[in-house]
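The next block holds one structure in the form of structure tokens; read it before the comments.
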Amino acid sequence: MRTQVAIIGAGPSGLILGQLLHRAGIDAVVLEAQTADYVLGRIRAGVLEQVAVDLLDEAGVGTRMHAEGLPHKGFDILIGGRRHHIDLYGLTGGSQVMVYGQTELTKDLMQARAAAGLTTVYEAKEVSIHDFDGERPRVRYLKDGVRQELECDFIAGCDGFHGVCRASVPKNAISNFERVYPFGWLGLLSDTPPVSEELIYAKHERGFALCSMRSHTRSRYYLQVPLSEKVEAWSDERFWEELRLRLDPKANADLVTGPSIEKSIAPLRSFVAEPMRFGRLFLAGDAAHIVPPTGAKGLNLAASDVRYL
Ligand code: RFL
């Protein structure tokens with residue numbers, strides 16, 4: 258098989274890149290190690306910045322996001338029991354953020370790819386990249402037990418932090434900078450109305466807490482926990498109890514609790530690799546850098562990378 262751009266990874270970076278290339282008349286094939294359902298089942302980002310919103314519009318996949326997403330003009334910071342409102346809209350001259358789940362955005366991009374008849378190979382195993390320092394790069398993989406080779410002009414490494422692309426670069430050609438934090442984020446997703454119209458970031462002596470959301474009926478909450486914590490030790494009741502301790506009386510009065518539909522602990526790290534280009538191989542998104550979810554930046558940086566690429 259031959260294509261102009263081989264995209265490794267069907268996360269947000271790979272799918273947005275595929276869509277932009279398609280609209281520019283450039284042929285690309287996406288190779289993804291997992292199934293489409295597995296990719297859609299990963300609960301991750303939920304806050305899109307203006308740059309990502311604009312890019313999705315440019316890519317022609319913004320319709321459902323505008324219909325179902327929640328535009329926010331600001332957020333609250335809760336410190337020492339007092340709330341401080343940050344007016345993003347006013348302070349940036351009209352920019353805002355959009356609450357729209359990464360899973361929804363991924364679904365829109367997958368549907369756009371399928372509707373345009375573009376090739377995505379799911380469950381592409383043992384992906385390896387070759388000759389990206391020359392004129393004719395190649396990608397090899399295993400599909401349904403059969404070895405395949407994809408010839409291309411460029412390889413886009415959109416395969417996340419644990420992917421094969423960055424790992425394939427000669428050690429002396431890349432510099433990595435990393436900081437691993439001694440705590441993680443315990444996240445809970447529930448089908449309950451959000452505690453507040455906008456996000457609340459809470460600083461508390463018991464640890465940080467974030468009240469976020471995915472829609473008017475689905476909430477996402479986070480608690481800072483030591484890295485040694487096990488998710489099994491956190492019943493839903495314990496989670497809600499601890500969250501209440503870190504919030505103010507108003508949030509406590511407004512908080513609606515319910516059974517979790519997902520609960521997990523994300524270890525936090527900051528990581529940057531440079532450069533992002535190695536001959537005909539380009540890294541984008543989490544393959545090149547990771548930021549803790551605290552700032553709701555990862556997906557937005559991935560979109561920005563793809564835009565420049
Ligand atoms: P992804 O999403 O990790 O996708 C990479 C894809 O590559 C596949 N892959 C391979 N495919 C083929 N061969 C291989 N050898 C492969 N190795 C890997 C993987 O299966 C996967 O499908 O990277 P991408 O596309 O760069 O997108 C990055 C974003 O997913 C990430 O930055 C955000 O989710 C980070 N993040 C947040 N970002 C925000 O902007 N706002 C948020 O509110 C936000 N919240 C979060 C987050 C990340 C979290 N994590 C990771 C635990 C909340 C959480 C909890």
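Residue 566 is where the sequence shown ends in this note's numbering, and the numbering goes up by one at each step.
Ideal Cβ positions, reconstructed from N, Cα and C, are used throughout, including at glycine.
Take residue i and list the residues in its own chain whose beta-carbon comes closer than 8 Å to its own, dropping the five residues that flank it on each side.
{"i": "F539", "result": "F411, I412, A413, G414, M533, L566"}
{"i": "G391", "result": "G536, R537"}
{"i": "L297", "result": "T360, T363, K364, M367"}
{"i": "I431", "result": "R423, A530, E531, P532, F535"}
{"i": "M322", "result": "L305, V310, L313, M355, Y357, E361, L362, D365"}
{"i": "L345", "result": "H329, K330, G331, F332, S352, Q353, V354"}
{"i": "E462", "result": "none"}
{"i": "A573", "result": "Because residue 573 is not part of the residues shown, which for the chain are 258 to 566, the question remains open."}
Please return the same chain residues whose Cβ sits closer than 7 Å to the Cβ of residue i, not counting the five positions on each side in sequence.
{"i": "Q359", "result": "P269, R301, A302, G303, L556"}
{"i": "K554", "result": "V548"}
{"i": "A293", "result": "M367, Y379"}
{"i": "R598", "result": "Only positions 258 to 566 of the chain appear in the structure, and residue 598 is not among them; the question remains open."}
{"i": "T514", "result": "T449, W497"}
{"i": "V318", "result": "Q276, D365, L366, A369"}
{"i": "E455", "result": "H329, G331, F332, D333"}
{"i": "L525", "result": "Y438, F440, G441, W442, P549"}
{"i": "A559", "result": "P269, S270, A541, G542, D543"}
Report back the beta-carbon spacing between residue i and residue j to the nearest angstrom; my notes put them in contact at under 8 Å.
{"i": "S527", "j": "I547", "result": "7 Å"}
{"i": "L407", "j": "A544", "result": "With 8 Å as the limit, L407 and A544 do not qualify as a contact, their Cβ atoms being about 18 Å apart."}
{"i": "L288", "j": "V403", "result": "Going by Cβ atoms, the distance from L288 to V403 rounds to 14 Å, so no, they are not a contact pair."}
{"i": "V482", "j": "S521", "result": "V482 to S521, Cβ: 11 Å. No contact."}
{"i": "D284", "j": "Q261", "result": "5 Å"}
{"i": "S517", "j": "S447", "result": "5 Å"}
{"i": "L443", "j": "L480", "result": "5 Å"}
{"i": "A381", "j": "Y398", "result": "4 Å"}
{"i": "D401", "j": "R395", "result": "Incorrect: roughly 20 Å between the Cβ atoms, too far for contact."}
{"i": "A523", "j": "P550", "result": "6 Å"}
{"i": "L484", "j": "F440", "result": "6 Å"}
{"i": "G266", "j": "G417", "result": "6 Å"}
{"i": "L313", "j": "R564", "result": "Going by Cβ atoms, the distance from L313 to R564 rounds to 11 Å, so no, they are not a contact pair."}
{"i": "I343", "j": "K460", "result": "That pair is no contact at about 14 Å."}
{"i": "A316", "j": "R339", "result": "In fact, because the Cβ distance is near 41 Å, the residues do not count as touching under 8 Å."}
Which same chain residues, not among the five before or five after residue i, have their C-beta less than 6 Å away from its C-beta?
{"i": "V452", "result": "C468, A508, D511, L512"}
{"i": "H341", "result": "I334"}
{"i": "L610", "result": "What is shown of the chain runs 258 to 566, which leaves residue 610 out entirely."}
{"i": "M258", "result": "L407"}
{"i": "E519", "result": "I300, L446"}
{"i": "E435", "result": "F528"}
{"i": "Y458", "result": "I334, L467"}
{"i": "G282", "result": "none"}
May I ask whether a heavy atom of the ligand ADP can be found less than 7 Å away from the beta carbon of residue i?
{"i": "Q359", "result": "The model depicted lacks the ligand ADP and carries the ligand RFL instead."}
Residue ranges of each alpha helix (DSSP H) within the stretch 374-446, 4 or longer: The stretch 374-446 contains no whole alpha helix (DSSP H) run of 4 or more residues.
Please give me, in chain order, every unbroken run of the alpha helix (DSSP H) with length at least 4 that falls completely inside the stretch 474-526. Secondary structure remark: continuous alpha helix (DSSP H) runs of at least 4 residues inside the stretch 474-526, in chain order: 493-503, 506-511.
Using a Cβ distance threshold of 8 Å, determine whether the stretch 416-426 contacts the stretch 460-478, with at least three qualifying pairs required. Not touching, per the Cβ criterion.
Any contact of the stretch 364-376 with the stretch 271-284, i.e. 3+ C-beta pairs under 8 Å? Cβ pair count under 8 Å is three or more, so yes.
Completely contained beta strand (DSSP E) runs for the stretch 302-359, where each covers 3 or more residues: The stretch 302-359 contains these whole beta strand (DSSP E) runs: 327-329, 332-336, 339-343, 354-356.
Could you give the uninterrupted runs of the beta strand (DSSP E) lying entirely in the stretch 528-555, keeping only those of 3 residues or more? Correct list: 538-540.
Between the stretch 459-466 and the stretch 485-503, do at least 3 Cβ pairs fall closer than 8 Å? Three or more Cβ pairs drawn from the stretch 459-466 and the stretch 485-503 lie within less than 8 Å of each other, which places the two stretches in contact.
Alpha helix (DSSP H) segments (min. 4 residues) lying fully within the stretch 266-292: Note on the stretch 266-292: whole alpha helix (DSSP H) runs with a minimum of 4 residues are 269-280, in chain order.
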